[in-house]
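Report on the following structure.
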Amino acid sequence: MGNSMMRAATSIIEKPPLLAVSLISAAALGYEILLTRMLSIIQWHHFAYMIISVALLGYGAAGAFVMVAENWLLARYRLAFSTAAMLFGISAVCCFLAVQQAGFNPLEILWDPAQPLRLAYIYLLMVVPFFFAALCICLTFSRFPGQEHPVYAADILGAGTGCLGILLALFILMPMAALKLLGLLALAASAIVWRPLPGIGLAFVAGITLLLLPGELRLSEYKDLSSALRIQSARVIDQQSSPLGLLTVVDSPSIPFRHAPGLSLNVSTEIPKQLGVFVDGDGLSPITHFDGRRESLSYLDFLTSALPYHLLQEPTVLVLGASTGSDLLQAYYHRVPRLDAAELNAQMAKLVQERYGDYSGRPYSLPGFKLHIGEARGFVAKSSESWDLIQVALLDAFGASSAGLYSLSENYLYTVEGLREYLRHLKPGGMLALTRWVTLPPRDILKLFATAVAALEQSGASDPGTRLALIRGWKTATLMVKNGSFTADELARLREFCRARSFDIDYLPGDLSAEKARYNLLDQPYFREGALALVGSGWEDFLTRYKFNVAPATDDRPYFFHFFKWQSLPEFIRLKQQGGLPLMEWGYPVLVATLLQATLASVLLILLPLWLAKRKLECGTLKCGQVASYFALLGCSFMFLEIAFIQKFILFLSHPLYAVGVVLCAFLLFAGLGSRYSQRWGNSGQLPFGVVVAIAGIAITYLASLPSLFPLLMGLADWFKIVIALILIAPLAFFMGMPFPLGLAQVRHHTPRLVPWAWGVNACTSVVSAIFATLLAIHLGFNAVVLVGISLYGLALRAFPKTIS
Amino acid sequence: MFRLLISFIIFLATGVYAADELAAKRANLLKEVAFYIAQTAAETGRPVLDAKVATAMARVPRHRFVPADQIHNAYLNRPLPIGYGQTISQPLIVALMTDLLQLKPGDSVLEIGTGSGYQAAVLAELAKSVYSIEIIEPLAMQAAITLKSLGYNVTTKLGDGYYGWPEHGTFDAIMVTAVASHIPPPLIQQLRPGGRMVIPVGAQFMTQYLMFIEKRQDGSIITRQVLPVNFVPLTGRH
C-alpha cells in the first residue's frame, strides 16, 4: 500500500462514515445472534453463553489495541477502517468455517485432554471477527472527538437493525447464506470508506470469494442427523430454516425410521413407515405415514404416554408441543372427540399438514382436532378453556438429554408456575400427563415429581399424594397429575394397563407394598423411594441428601435440566474410570470452564496490552483505582440487568431468540437515547443520584409486577407483545445508558488518555459477568441477579471518578 | 482372598500373550477393569469379573480395532472414537456387558452394531458362533477385514439389525450396541427361552446404564437396568 494512496484516502475525510459504522454494527450484532444459531446446529445449545462473552471480548481487545496503537492507526484512519471492515467480513465467514474444522467434540471433553484446548482454540477464533468489527467503531470514536453523538447513534441504530434483521433473514435464508450476507455487509462498509477504485475492487473480489466459499454446515458427527444420514440410501428431502430452528426432513427407504420411544416389549405389531424430522440436527421427530386406518396406529397404545386414555373416557385433550403429530395420532387411536394442539414452530406444522400432508394423513385436521401456533405456556395462559387431559409431549432428544446437554437451557414448560397453569386448565377429574426419558439414577422424573407436588400444594391441594401416579417402562416414565384424587376404579385400570405392557408402578396413592417392580428391575427402588420421600414430610431432607439437584424448577430459576451439585463433583471425578462421568450433567462444568477461559482471555487480550502500555497510563487528576472500579462495576451491573431481563422476557415473548433479539435491540436503542440525553448535562463531575434511583426503582417495580402483568398480556398478538416489551424496557434502558458516558466524559475531560483503558476495563468485566450472571441465576434465580445488578449500580455511585483535590 | 483371585485371573489371562509387547498394558487394563467390576458388585450383581471373560479380553488385541491415531490410547480404560460418529466402548463396559451375557462355549450370539468389531472378537473368544450386523457400510467392511485377519470366526453382514438374523435361528444371547427409541420386537422373538440380551443406553462416550433383558423359560420378559458404576444417589440414610 503506497503512502500516496494512503494520503489520498485519508485526505477525503471530513465527516464520520456513519453509513459504514451502521453497516458494521448491524453485521456484528447480526453475527452474534447468527453464531448462536449456527453453533446450536453444528454443536449444541449451551455455546450461546460463550458467544456473548466472545463478542464482548472482541470489543474489549479492540479498545486495548486502539489505545496501544492509537497514533499509528488514526494517522491512517480510512485505510485502517476499511481494512478492519474487510477483515471482519472475511473472518466472519472463514473463522466459522475454521470452527467447523476444529474437530471439537464436547462429548469427549472429559476423556480427551486435547478437547479443552480445541474449545479454547474455537473461542479465540470466534473473537477475531468481533475484534475487527469493534476496531472500526472504536477507531471512529477516537478519530472524531466531539462527534460522538452521531457516531453513537449510527452505531446503536445499526446494532438494533442487525438484531431484528437477522431474525427476519433467517426466515428466508439458510444460516450459511445469512452468514455470507453479513460478510458482504462488512465488505460494503469497507468499500464505502475506501471509495477510490482499488478499495471497491478489492471489496468486490473479496465478496465474490466469500460467495464461492463452501456453504455447508458441518454437524458434529455425534448428532442424530449425522447418524441418520450415514445409513445407506438415507437422504435429506427437505430443509427449512427459521430462527426457531433448522428443520431437516430425512427419508430412509432401505432402513426405515421406527420411532416409538420406550415401546413396550410386549408389542409385536409393525410400526408404520416414517420420515424423520430433525431440529438443528438433533431430536428425531417422526412424520408417521397414516392412511386413515386406525389399527395401523395400535403400537401407540403400547407407550407409557397412552395411560391417560385408559383412565379417562373420550377425553377432550390439549397436546403441548405437538411437533410432528405422534401424540395426535395416539389421541385419534383412542377416539378422542376434541383436541387442541399447541405447536410453536409454524414451519413444523406446515411440513406435517401441507408439504407431507398426503403422507401424514394431516393429523392436525383430523375430525375435532385443531392446531394453534404458539408457545405452550403462552397458549395455556391466554386460553379460557379447560380440558380433561393435558399431554406434555416428550420433545427433547434422549442422547442429548442423557448427556446433560440441556442442563443450561432455560425451560419454562416444567416449572412450578407452568404446572400450576396447566392444572388450572383441567376440568374437575381431569389429568395432566408428563412423559420423560428414564435416566439412572433418576433425575428429571424425580424433579418433575417434586415440581408437581409443589404445584399442587401451591394450587391449594392439601393432599398432593392422592393426586399423583408414576409409571415406568424400560426407557420412558409417565407422571400423571389429577385434578382431584384418583379413584379405586382408575387405579385398577392403571394396574391393568401396566400389567398388559410390562410397565412398573413407582407411585400411586395408597398402599404401595403390593406394587413391587416386576418387569423393569433396578438394584434399588430409586424412583419409588424418591417419590415417597417427596410426598412425605421429609421431602426437604431428601432434596438435601440426594446427590443430584431435583428441587423444583421455577420461573425465576427455570433450569429444569440442571441436576448438578458441587458436593457430588469429587465423587463423579473419582468414578471417572468406572464410567461415572455420564452421571454428571456437564453443561454446568463447561459453563464454569467458559467463565475461567473468558476471564483468562480477557486478562490476556484486554488488560495485558493495557498494562504493557502502562507508561502511557498517567492518571492525571483522577484516581486510577476509582476509574477502574467505576467502569468495572458498570460492566457487571449493566450485563446483570440486561441478561436477567432477557430471561424475564423469554417467557413473555415465547422464545429465547425473539427475547434476545427484541430485548437486546431495545436495550441498545434506549440506552443510546439515554446516553445522548445525558450529554446535555455536560461534564457535571458526578453520577446523578436520581439516575441510580430511577434504575433501581424501575427494575424493582418490574420484579414485583411482571409476574402478574405478563399472564394478562400473554394472549396478545406477537407484534403487540414486542411493542409492549419495547415500551417496558425503554425507561430502564434509557437510564442505564447514562452512567457510562457520564463517567467517560469525566475521564475525557481530565485524562483523555485513559478513555480506551476505561473502555477496556468495562469490556473485560462485561465478558466475565455475562457468564457469571447465568451461574448466579442457576443458584439464586434471576431476581437475585437483578438485585445484585442494582446493588452494583449503588456502588458505582460512590466509585464515580473524582479529581484529586 | 479377592485380590488373590484377581491376580490369578490376570495371570491366566496375560500368560498366554506374554510375548505380545502390548500385553503388559493390556494386563494392567484388565487389572483395573476387574477391580472396578468388583467395586460395582452391588449395582451389577456380578461380584467378580468372570475368569473366562478376563481371558477373552486378554487375548483380543484392542489396538488392532482402533484407528491409527488412537493406538496409543487403546489400552486406556476409556471409550475411543472410531469415526462415523461411533465409538469403541470403554473396556470396563465391554467387560461388564460380556460378563452379563454369561456365555457358554456352545452358545450362539447375535450382535447388532459391529462397530470396530472389538466386541464381536471378545464374544467370539467365548461362544461357538457369533453373528454381527452393522448398518454403516465402511465400518462393516473394515470390521470384517480386521476380524478375518485376526482369525475370528464371526459372521458379519451389512444391513438393518431391526429384524435380527432369522436365517440363523434363535440365539442364546444378543448384544445390541446401538439402540434406537425401542427394542425391536423381532430381537425379543429371536432370543431363546433362558437367553439374555444386553444393551448400553446413553449417548456416545456416555454409557448411562446397561439394559439387561432376560427371557424366562416361560417366554416372559424381565428387564434390569444396571448402573455400571458404584454410586448410591442418596447420602447416608437417617
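First to last, the protein sequences are chains E and B.
Heads up, the first sequence stops at 805 in my numbering, and the numbers go up one at a time, no gaps.
Heads up, the second sequence stops at 1043 in my numbering, and the numbers go up one at a time, no gaps.
Each residue gets a CB set at the ideal place from its N, CA and C atoms; glycine is no exception.
Where the alpha helix (DSSP H) through residue i begins and ends
i, result
"residue 518 of chain E", "Looking at the DSSP string, residue 518 of chain E is not in any alpha helix (DSSP H), and its letter there is neither H nor E."
"residue 726 of chain E", "718-736"
"residue 950 of chain B", "942-954"
"residue 143 of chain E", "114-143"
"residue 96 of chain E", "77-101"
"residue 633 of chain E", "624-653"
"residue 348 of chain E", "346-350"
"residue 303 of chain E", "It is not in any alpha helix (DSSP H) - residue 303 of chain E carries neither H nor E in the DSSP assignment."
DSSP three-state assignment for residue i, whether helix, strand or coil
i, result
"residue 1022 of chain B", "coil"
"residue 507 of chain E", "strand"
"residue 913 of chain B", "strand"
"residue 607 of chain E", "helix"
"residue 174 of chain E", "coil"
"residue 842 of chain B", "helix"
"residue 37 of chain E", "helix"
"residue 797 of chain E", "helix"
"residue 360 of chain E", "helix"
"residue 285 of chain E", "strand"
"residue 792 of chain E", "helix"
"residue 8 of chain E", "Because residue 8 of chain E carries a pLDDT of 42, less than 50, the predicted location of this residue cannot be relied on, and no value is offered for it."
"residue 437 of chain E", "strand"
"residue 766 of chain E", "helix"
"residue 862 of chain B", "helix"
"residue 774 of chain E", "helix"
"residue 242 of chain E", "strand"
"residue 271 of chain E", "coil"
"residue 714 of chain E", "coil"
"residue 420 of chain E", "helix"
"residue 1034 of chain B", "coil"
"residue 186 of chain E", "helix"
"residue 159 of chain E", "helix"
For residue j and residue i, the rounded distance between their alpha carbons
i, j, result
"residue 819 of chain B", "residue 883 of chain B", "At residue 819 of chain B the pLDDT is 40, less than 50, meaning the model places this residue with poor confidence; the figure from the coordinates comes in the next sentence. Straight-line Cα distance between these residues: approximately 20 angstroms."
"residue 714 of chain E", "residue 781 of chain E", "22 angstroms"
"residue 128 of chain E", "residue 253 of chain E", "44 angstroms"
"residue 944 of chain B", "residue 44 of chain E", "26 angstroms"
"residue 439 of chain E", "residue 528 of chain E", "14 angstroms"
"residue 227 of chain E", "residue 443 of chain E", "27 angstroms"
"residue 229 of chain E", "residue 169 of chain E", "27 angstroms"
"residue 566 of chain E", "residue 590 of chain E", "13 angstroms"
"residue 52 of chain E", "residue 33 of chain E", "9 angstroms"
"residue 12 of chain E", "residue 80 of chain E", "At residue 12 of chain E, the pLDDT of 47 sits below 50, so the modelled position is not reliable and the matter cannot be decided from this model."
"residue 1007 of chain B", "residue 920 of chain B", "16 angstroms"
"residue 611 of chain E", "residue 707 of chain E", "46 angstroms"
"residue 55 of chain E", "residue 935 of chain B", "55 angstroms"
"residue 1033 of chain B", "residue 1005 of chain B", "10 angstroms"
"residue 962 of chain B", "residue 951 of chain B", "14 angstroms"
For residue i: DSSP bridge partner residues
i, result
"residue 369 of chain E", "E:339"
"residue 961 of chain B", "B:937"
"residue 1017 of chain B", "B:1003 and B:1029"
"residue 546 of chain E", "B:1039"
"residue 885 of chain B", "B:893"
"residue 501 of chain E", "None; residue 501 of chain E has no bridge partner."
"residue 482 of chain E", "E:431"
Assumed close pair residue i, residue j - CB separation to whole angstroms, cut-off 8 angstroms
i, j, result
"residue 360 of chain E", "residue 290 of chain E", "6 angstroms"
"residue 418 of chain E", "residue 606 of chain E", "The Cβ separation is near 41 angstroms, so there is no contact."
"residue 375 of chain E", "residue 654 of chain E", "3 angstroms"
"residue 863 of chain B", "residue 832 of chain B", "7 angstroms"
"residue 1015 of chain B", "residue 901 of chain B", "7 angstroms"
Cβ-heavy atom distance, residue i to the ligand FMN, below 7 angstroms
i, result
"residue 858 of chain B", "The ligand content of the structure shown is nil, which means the ligand FMN is not present either."
Continuous beta strand (DSSP E) stretch holding residue i: start and end
i, result
"residue 277 of chain E", "274-279"
"residue 979 of chain B", "976-981"
Practice problem: Note down, in chain order, all residues in the region 939-958 of chain B with a beta-carbon under 7 angstroms from any beta-carbon belonging to chain C. | Solution: In the structure shown, chain C does not exist; the protein chains are E and B.
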